[in-house]
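Right, one structure below, let's go through it.
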Amino acid sequence: MRRVYIYNSFPISEEMLLGLGAGVGFIYWHQKGMPPFIGGRANARGEFEPLAGKRTGVQVTAHTTSSARAAERTLLEMLDSGQPAMIQCDMGFLPYFDFGGYDYHFGGHVVVVCGYNARTRQVLVADRREELHPVSMEQLEKARASTFKPFPPKHRWYTFDFSRKRQPTGREVRQAIAEQSKGMLAPPISNLGVKGIRKAAESVLKWPALMDESALRRALFNAYISLDATGGTGGGIFRYMFSRFLREVAGTTGDPRLNEIADTFQRIGDRWQDVAAMFQRASAAKDVVVALAETTSPMMELADLEEAAWTRLQVLVQRS
Numbered sequence: 004m005r006r007v008y009i010y011n012s013f014p015i016s017e018e019m020l021l022g023l024g025a026g027v028g029f030i031y032w033h034q035k036g037m038p039p040f041i042g043g044r045a046n047a048r049g050e051f052e053p054l055a056g057k058r059t060g061v062q063v064t065a066h067t068t069s070s071a072r073a074a075e076r077t078l079l080e081m082l083d084s085g086q087p088a089m090i091q092c093d094m095g096f097l098p099y100f101d102f103g104g105y106d107y108h109f110g111g112h113v114v115v116v117c118g119y120n121a122r123t124r125q126v127l128v129a130d131r132r133e134e135l136h137p138v139s140m141e142q143l144e145k146a147r148a149s150t151f152k153p154f155p156p157k158h159r160w161y162t163f164d165f166s167r168k169r170q171p172t173g174r175e176v177r178q179a180i181a182e183q184s185k186g187m188l189a190p191p192i193s194n195l196g197v198k199g200i201r202k203a204a205e206s207v208l209k210w211p212a213l214m215d216e217s218a219l220r221r222a223l224f225n226a227y228i229s230l231d232a233t234g235g236t237g238g239g240i241f242r243y244m245f246s247r248f249l250r251e252v253a254g255t256t257g258d259p260r261l262n263e264i265a266d267t268f269q270r271i272g273d274r275w276q277d278v279a280a281m282f283q284r285a286s287a288a289k290d291v292v293v294a295l296a297e298t299t300s301p302m303m304e305l306a307d308l309e310e311a312a313w314t315r316l317q318v319l320v321q322r323s
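Quick note on the numbering used here: the sequence shown kicks off at 4 and runs consecutively.
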């Protein structure tokens, strides 16, 4: 999303967009017939981008279609008009990712397509790194049409109107922080927020009884990817990015207390990285059940740490 902003002469950090869109949270989801999912985002169902846009004066509109042909036609029309195209896709089908031989899928991944070659039918994709990735139209179509749950892309793309772009106000920043705090401390269901962390910590112990060894190892590797920077979290299940967001808005809001809480989230991110490494080791361990059990206690401790940090943050913005 930042790349589209920069292209339209609006320099902004990815961390600022993440925070303004109230994009940080926690989710544990395990439906029948799908592997368990652990994630660190909130507003993951198309609400994040429009909200981040609203708080920067940019109108962001999400579009979906069931037609791969219509999705490709619209993509090429946007590129021909000189606009990069931000689209949603399943990172498991993008050829430049390496998941160590595991069949990993996450359909909530967002990339920017910034050019194409009609002769070779290749597009250039801008992702997390600075270099551009050549991807065939066939590969891109497969990534956009993925039906893997819980976030199938549905050929989603976004359009932007920057005609009223502006910097976010201090009030909007505090509101965004308050929304994320509420989502972590008072979620509507127990799969989300701090309650979700505790539920995940308890639920992982049940995984060996719910799946065979191959599926269990795959679920553990998926959990590692979802926490680690490899999965697009910036490391520490988005807590490193949120820490940098707090530092940035400490300057714009004139509230240096946010720097102290930023330090706390940096340390929380470190602890999440430790858990990610545990999941990765467990996925390849000789005794996978024993290795998996070691993740529970650290996750319970993280639930307590997150609860304290988000409570402090909530009190701070309420009094500002």
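Glycine included, C-beta positions come from ideal geometry on N, C-alpha and C.
Since the model is a prediction, treat every value here as computed from it, not as a measurement.
**OP:** May I ask you to verify whether the region 293 to 300 touches the region 247 to 267, counting CB pairs closer than 8 angstroms and requiring at least 3?
**Re:** No, the region 293 to 300 does not touch the region 247 to 267.
Original post:
Who are the near neighbours of H158 in its chain, counting only those whose CB is closer than 7 angstroms to its CB and skipping five residues on each side?
Top reply: For the purposes of this step, residue 158 is identified with residue 155 of the sequence shown, where counting begins at 1. Close CB contacts of H158 within its chain, under the 7 angstroms cut and outside five residues either way in sequence, are with T67, T68, A71, A74, R147, A148 (chain order).
**OP:** Name, in chain order, the residues that DSSP records as bridge partners for A129.
**Re:** Within the sequence shown, numbered from 1, the residue matching residue 129 stands at position 126. Note: A129 is bridge-paired with V115, L135 in the DSSP secondary-structure output.
Subject >> Q183 - DSSP class collapsed to helix/strand/coil >> reply: Along the sequence shown, read from residue 1 onward, the residue named residue 183 stands at position 180. Q183 sits in a helix when the DSSP states are folded into three classes.
Original post:
Bridge partners of H66, per DSSP?
Top reply: Within the sequence shown, numbered from 1, the residue matching residue 66 stands at position 63. Its beta-bridge partners are W160.
Subject >> Inter-residue CB distance, G199 and R242 (contact presumed, cutoff 8 angstroms) >> reply: If you number the sequence shown from 1, residue 199 lands on position 196. If you number the sequence shown from 1, residue 242 lands on position 239. About 15 angstroms separates the beta carbons of G199 and R242, which is beyond the 8 angstroms limit, so they are not a contact pair.
**OP:** Mind checking which residues open and close the beta strand (DSSP E) that includes F40?
**Re:** By 1-based counting over the sequence shown, the position of residue 40 is 37. Residues 40 to 44.
**OP:** Output the distance between the C-alpha atoms of G56 and L97, rounded to the nearest integer angstrom.
**Re:** Taking the sequence shown and counting its residues from 1, the one referred to as residue 56 is at position 53. Taking the sequence shown and counting its residues from 1, the one referred to as residue 97 is at position 94. For G56 and L97, the distance between alpha carbons rounds to 27 angstroms.
Original post:
So, is K202 buried or exposed, given that buried needs 16 or more other C-beta atoms within 10 angstroms?
Top reply: Translated into the one-based positions of the sequence shown, residue 202 becomes position 199. By the neighbour-count rule (16 or more Cβ atoms within 10 Å), K202 is buried.
Original post:
How many angstroms separate the CA atom of E205 from the CA atom of G110?
Top reply: As a working note, residue 205 is residue 202 in the sequence shown. As a working note, residue 110 is residue 107 in the sequence shown. Each residue's Cα considered, the two are about 26 angstroms apart.
Original post:
Which residue comes first and which comes last in the alpha helix (DSSP H) that contains F224?
Top reply: Taking the first residue of the sequence shown as 1, we reach residue 224 at position 221. Counting along the chain, the unbroken alpha helix (DSSP H) around F224 starts and ends at 216 to 230.
Original post:
In angstroms, rounded to a whole number, what distance separates the CA positions of Y107 and R221?
Top reply: As a working note, residue 107 is residue 104 in the sequence shown. As a working note, residue 221 is residue 218 in the sequence shown. Cα to Cα, the separation comes out at about 8 angstroms.
Subject >> Residues that DSSP places opposite M89 in a beta bridge >> reply: Position 86 of the sequence shown, counted from the first residue, corresponds to residue 89. M89 pairs with V115, Y161.
Original post:
Based on Cα-Cα distance, which residue from R131, E133, S184, Q125 lies nearest to E141?
Top reply: Along the sequence shown, read from residue 1 onward, the residue named residue 141 stands at position 138. Minimum Cα-Cα distance from E141 among the listed residues R131, E133, S184, Q125 corresponds to Q125.
**OP:** Give me the Cα-Cα distance between E251 and R270, rounded to the nearest whole angstrom.
**Re:** The residue you call residue 251 lines up with position 248 of the sequence shown. The residue you call residue 270 lines up with position 267 of the sequence shown. Distance between E251 and R270, taken at the CA atoms: about 17 angstroms.
**OP:** Just the C-alpha distance for P87 and K35, rounded to the nearest angstrom, thanks.
**Re:** In the sequence shown, residue 87 corresponds to position 84, counting from 1. In the sequence shown, residue 35 corresponds to position 32, counting from 1. Take the alpha-carbon of P87 and the one of K35: they are about 38 angstroms apart.
Subject >> Closest by C-alpha distance to L219, when choosing among I192, L230, W160, A288 >> reply: The count along the sequence shown starts at 1 and reaches residue 219 at position 216. When each option's Cα is compared against that of L219, the closest is A288.
Subject >> T123 versus V138 - alpha carbon distance >> reply: To locate residue 123, count along the sequence shown from 1; it is residue 120. To locate residue 138, count along the sequence shown from 1; it is residue 135. Those two C-alpha atoms are separated by around 10 angstroms.
Original post:
Is the region 11 to 22 touching the region 149 to 169, taking contact as three or more C-beta pairs under 8 angstroms?
Top reply: Put simply, the region 11 to 22 touches the region 149 to 169. At least three CB pairs are less than 8 angstroms apart.
Subject >> Own chain residues within Cβ distance below 7 angstroms of R58, not counting five before or after >> reply: For the purposes of this step, residue 58 is taken as residue 55 along the sequence shown, with counting starting at 1. In chain order, L23, P171, E175, A179 place their CB closer than 7 angstroms to the CB of R58, counting only its own chain and leaving out the 5 sequence neighbours on each side.
**OP:** Could you pull the start and end residues of the beta strand (DSSP E) that F29 belongs to?
**Re:** Numbered from its first residue, the sequence shown carries residue 29 at position 26. That run of the beta strand (DSSP E) goes 27 to 32.
**OP:** Find out if the Cβ-Cβ distance for the pair L195, I30 is shorter than 7 angstroms.
**Re:** Along the sequence shown, one-based indexing puts residue 195 at 192. Along the sequence shown, one-based indexing puts residue 30 at 27. Yes, they are a contact pair.
Original post:
To which residues of the same chain is Q283 closer than 8 angstroms at the C-beta, ignoring the five residues directly before and after it?
Top reply: Mapped onto the sequence shown, residue 283 falls at position 280. In the same chain as Q283, and ignoring 5 residues on each side of it, the C-beta atoms closer than 8 angstroms to its own belong to L223, F224, Y227, D231, in chain order.
Original post:
For F248, which residues from the same chain have a beta carbon less than 7 angstroms from its beta carbon, with the 5 sequence-adjacent residues on both sides left out?
Top reply: Counting from one through the sequence shown, the residue named residue 248 turns up at place 245. Around F248: E18, M19, L21, G22.
**OP:** Output the distance between the C-alpha atoms of E216 and G235, rounded to the nearest integer angstrom.
**Re:** Taking the sequence shown and counting its residues from 1, one reaches residue 216 at position 213. Taking the sequence shown and counting its residues from 1, one reaches residue 235 at position 232. Here the C-alpha atom of E216 lies approximately 27 angstroms from the C-alpha atom of G235.
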